[in-house]
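In terms of the numbering used here, the sequence shown is numbered consecutively and its last residue is 1962.
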Amino acid sequence: MRRKHMWIRIFAVAAAFMLLLTSCGVRGDATRPDIGPDSYKESASQALDGAGNETTGDEKTAGDGTAPGDETTAGDGTAPGGEATAGNQTSAGSLDGADAREKASEPWMERPLNVLDDNYRNYYEIFVYSYADSDGDGIGDLEGVRRKLPYIRDMGFNGIWLMPVMPSPTYHKYDVTDYCAIDPEYGTMEDMENLIAEAHENGIRVIIDFVMNHSSSKHPWFTEACGYLKRLDPDDARSMEDLIAECPYVGYYHFSREQESGTWYPLSGTPFYYEGEFWSEMPDLDYSSEELWKEFEAIIPFWVEKGIDGFRMDATMHFEEGDTGFNTHVMNRAFECAKALNPDFYMVSEVWAGEKTIADYYGSETPSLFNFDAADAEGKLIGAARGSLKAEKLVRTMKQYEEDFGASYEDYIDAPFLTNHDMGRVANALNGDEDAIRFAGGLLLSMSGSPFVYYGEEIGMKSKGTKDENKRLPMLWSYQPGGLDDPEPGALSEGGIGMTKGPSDADPGIESKFPGVEEQLASEDSILNYYKRALLIRNQNPEIARGRITILDTATDGDLATIIKSYDESTIAVIYNTSKKDPVDITQIQLDAVRKELTARTGSEATDKAEATDKTEATDKTEATEKAETADNAEATEKAEKADRTETTGGAEGVRNAMPEGVILLSGESSLQIAGFLSTDGTHATVGDGRITLPPRSILYLK
1260 MRRKHMWIRI
1270 FAVAAAFMLL
1280 LTSCGVRGDA
1290 TRPDIGPDSY
1300 KESASQALDG
1310 AGNETTGDEK
1320 TAGDGTAPGD
1330 ETTAGDGTAP
1340 GGEATAGNQT
1350 SAGSLDGADA
1360 REKASEPWME
1370 RPLNVLDDNY
1380 RNYYEIFVYS
1390 YADSDGDGIG
1400 DLEGVRRKLP
1410 YIRDMGFNGI
1420 WLMPVMPSPT
1430 YHKYDVTDYC
1440 AIDPEYGTME
1450 DMENLIAEAH
1460 ENGIRVIIDF
1470 VMNHSSSKHP
1480 WFTEACGYLK
1490 RLDPDDARSM
1500 EDLIAECPYV
1510 GYYHFSREQE
1520 SGTWYPLSGT
1530 PFYYEGEFWS
1540 EMPDLDYSSE
1550 ELWKEFEAII
1560 PFWVEKGIDG
1570 FRMDATMHFE
1580 EGDTGFNTHV
1590 MNRAFECAKA
1600 LNPDFYMVSE
1610 VWAGEKTIAD
1620 YYGSETPSLF
1630 NFDAADAEGK
1640 LIGAARGSLK
1650 AEKLVRTMKQ
1660 YEEDFGASYE
1670 DYIDAPFLTN
1680 HDMGRVANAL
1690 NGDEDAIRFA
1700 GGLLLSMSGS
1710 PFVYYGEEIG
1720 MKSKGTKDEN
1730 KRLPMLWSYQ
1740 PGGLDDPEPG
1750 ALSEGGIGMT
1760 KGPSDADPGI
1770 ESKFPGVEEQ
1780 LASEDSILNY
1790 YKRALLIRNQ
1800 NPEIARGRIT
1810 ILDTATDGDL
1820 ATIIKSYDES
1830 TIAVIYNTSK
1840 KDPVDITQIQ
1850 LDAVRKELTA
1860 RTGSEATDKA
1870 EATDKTEATD
1880 KTEATEKAET
1890 ADNAEATEKA
1900 EKADRTETTG
1910 GAEGVRNAMP
1920 EGVILLSGES
1930 SLQIAGFLST
1940 DGTHATVGDG
1950 RITLPPRSIL
1960 YLK
């Protein structure tokens, strides 16, 4: 029979697979931060030689995915956009002979990148002041960021968000005095242009914080308005409209003769008050003023023409307190102004609110809003990493985001994150639990949209309390906890590592539990190298960011959850185990459900059915007999017959074999291939008795 022949062929291939098992469980060189895609592949291939495979009884490892050195780069963004990731076929018929052996011997870490040049990016948030110092003054600068682009690129990020870079009297620079300049502490406009150019050469887009809600109290617009009002006779009873007609700068801000709330401050020497939602020295701008709009409709093109790829919009809920319609109009108008000059311009906005309010703000028809519902210590992602939110609840929340955000704006791009510069760090929220810190990063980087990682998150940096300065400490380029050899600030200008002093008002003695970048790059099991693996998987599989979610209910319950994502005729399954201590089993039935969903999404289900029908035809008997004789392998024939029986009974041996980085053979004609695996503690997924067992806090990607 043809069916018998097919199983002979499969087991001949399986026998070849067994010869390759010595290439499993590899850990490579994690010490080279400057390795690019080509040299990465070469080093990973070399690392395969002589590595052993871990087995227990008749169970075989299905890959620990924890080998940090195998992914010394997640890509520079230069991979052809249309290049398909290796091994996304789901039909076993296409995995014959040499092809099957080649696919099975190819670890997922070595598969080509598939980095698409669109607005789905992996973003890295940088507080320039604390990031990297190039001139020895202890303050981070744009040149320091430029010199760290290889690190950012090799981590797998292809977008950076620079917190405010415009002139400001404060260290955080959220109160701007000039919207078309660079703060001298950070360098010059030429430094900015050089950073943008080199970032683009490395496939990295650059977005900047754009603070439109308020200016500095020292901005010339505000000082002109205040000067005019102070010169008025206190008894001048003219309307605000008359005053604005005489001095348009008054209309740039919210002024009133009444103190309308507790965030309105008196203008000394006058009967007037002004609004400052965040601080008296941050007066709110008033976008009912067309004269103000004329200013910004010149400022926005200035930055677009400099090569900036997008804006992070600050405090967009507060343009007009409590007025969603007005606020979304401001967002849309600013975005359309930039988009008219660059159709690919990106905008991500801060709406610090719950999921339903965020959905409302997608009515602005701007690309992204930060997903605050998923973020912070009590958000969904850290909750799942902590173990207080089970996998099933997490994926159903992911699906809810998709439905609610998409209902407001079909082309939305979610912007999930764990924490940012206004929040306590992940390491604090998870009490320094290294496995949980890793897992939080893995969960974030499995999300749809454009994830944002706050600098230092990738090495488990710590914060302290609620003081903002303590959340924005110096990036630890080289640091041993409790050590006495902390590097001197400013060393980067002399070829060193560029440590900054950080904000002067930060509390002293806040020490990280974990080493700095230099030490973590050299450690196979570091948080940093876990992030690199997670980013590599994401950069190999565009469906993770772009695919719409289907929850596979037959493989979703409690700590186990399975989702399917499809994009551009390619599909991936993501399987989560969120348990802190318990492994979970994925049975043959569940894996078959995954396989059927994947094959249906890729359009090969009809082909499978046709082939199944074809097997029953008598004309295939001759072909099967001839090929069986050619195989001349009695043992293979015996195994094939046993497999044939398993197919009809659904017995424990439906999962015939697995390789840590190769193909999982299932009952029937189709197969699943491991597209990535993340484990927080270095344990392996195992295969045996017709099931795959996932260790605690792990994520398995299948194609």
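All residues carry an ideal CB built from backbone N, CA and C; glycine is no exception.
Across the structure, K1962 and R1370 are spaced so that their CA atoms are roughly 13 Å apart. Ranked by how close their Cα comes to the Cα of F1773, the residues P1762, D1692, R1731, Q1799 have D1692 in first place. Around A1695, the same chain offers A1644, R1645, L1689 as residues with beta carbons nearer than 7 Å, after the five sequence neighbours per side are excluded. Counting along the chain, W1552 sits inside the alpha helix (DSSP H) bounded by residues 1549–1564. In the displayed model, Q1799 falls within a helix according to three-state DSSP. Residue state for P1443 is assigned as coil, using DSSP reduced to three classes.
Bounds of the beta strand (DSSP E) holding Q1932 are 1930–1938.
Contact between the region 1617–1635 and the region 1666–1674 is present, with at least three C-beta pairs closer than 8 Å. Among the bridge pairs identified by DSSP, V1843 is matched with L1953. Residue state for E1728 is assigned as helix, using DSSP reduced to three classes. Going by DSSP, S1829 is part of the beta strand (DSSP E) stretching over 1829–1836. E1828 has its alpha-carbon roughly 32 Å from the corresponding atom of E1717.
S1825: member of the beta strand (DSSP E) spanning 1819–1826, first to last residue. Taking C-alpha positions only, H1459 is separated from V1563 by approximately 14 Å. Restricting attention to C1596, M1541, S1838, the CA atom closest to the CA of I1559 is found in C1596. Residue pairing by DSSP leaves M1682 without any beta bridge partner. Beta bridge pairing from DSSP links I1466 with W1420, G1569. The Cβ atoms of F1604 and D1568 lie closer than 9 Å to each other. By the Cβ rule, the region 1774–1791 counts as touching the region 1725–1736, because three or more pairs are nearer than 8 Å.
For S1515, the closest C-alpha among the options I1810, E1534, Y1713 is that of E1534. Residues T1436, D1437, A1440, D1442 of the same chain have their beta carbon placed closer than 6 Å to that of P1426, with the five preceding and five following residues left out of the count.
Judged by DSSP in its simplified three-state form, M1606 adopts strand.
Relative to P1366, the option among L1502, D1413, I1933, A1832 whose CA is nearest is I1933. I1466 is positioned such that its CB atom lies closer than 9 Å to that of F1570. According to DSSP, V1712 shares a beta bridge with Y1383. When C-alpha distances from I1455 are compared across V1404, L1502, E1856, the shortest belongs to V1404. For I1810, no alpha helix (DSSP H) run applies; the uninterrupted beta strand (DSSP E) run containing it begins and ends at 1807–1810, by DSSP. By the CB criterion at 9 Å, A1814 and T1837 fall outside the cutoff. The beta carbon of E1651 sits closer than 7 Å to those of T1815, D1816, G1817, A1820, all from its chain and outside the five residues before and after it, given in chain order. Contact between E1402 and S1389 fails: their C-beta atoms lie close to 15 Å from each other, not under 8 Å. Around the Cβ of F1561, a 10 Å sphere holds fewer than 16 other Cβ atoms; the residue is exposed. Burial state of A1557 is exposed, judged by a 10 Å Cβ sphere holding fewer than 16 other Cβ atoms. Taking C-beta separations shorter than 8 Å and ignoring five residues to either side along the sequence, the partners of K1615 in its chain run D1663, following chain order. A buried status is given to P1954, since no fewer than 16 other beta-carbon atoms sit within 10 Å of its beta-carbon. CA-to-CA, the gap between W1552 and Y1546 works out to about 7 Å.
Nearest Cα to N1798 within the set Y1410, A1699, N1417, R1406: N1417.
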